[in-house]
């Protein structure tokens, strides 16, 4: 849980920095893009569990 919290806080800080310097966000600009990344990770994690 600590790792997740630190990741979210780091991402939040990076998002603030990108906005402050008026840089494009290095992530999908819509939630469906983020959901696709989560789905990709979930599919990989499930298959690894099934195989092992």
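In this note's numbering, the protein residues as written are 1494 to 1545.
For each residue, glycine too, the CB sits at the ideal point set by N, CA and C.
*Can you tell me which of the three DSSP states residue 1542 falls into?*
helix
*Rounded separation between residue 1514 and residue 1532 - CA only*: 31 Å
_Taking the straight line between their C-alpha atoms, what separation do you get for residue 1452 and residue 1545?_
An answer regarding residue 1452 cannot be provided, because it is not within the stretch 1494 to 1545 covered by the chain.
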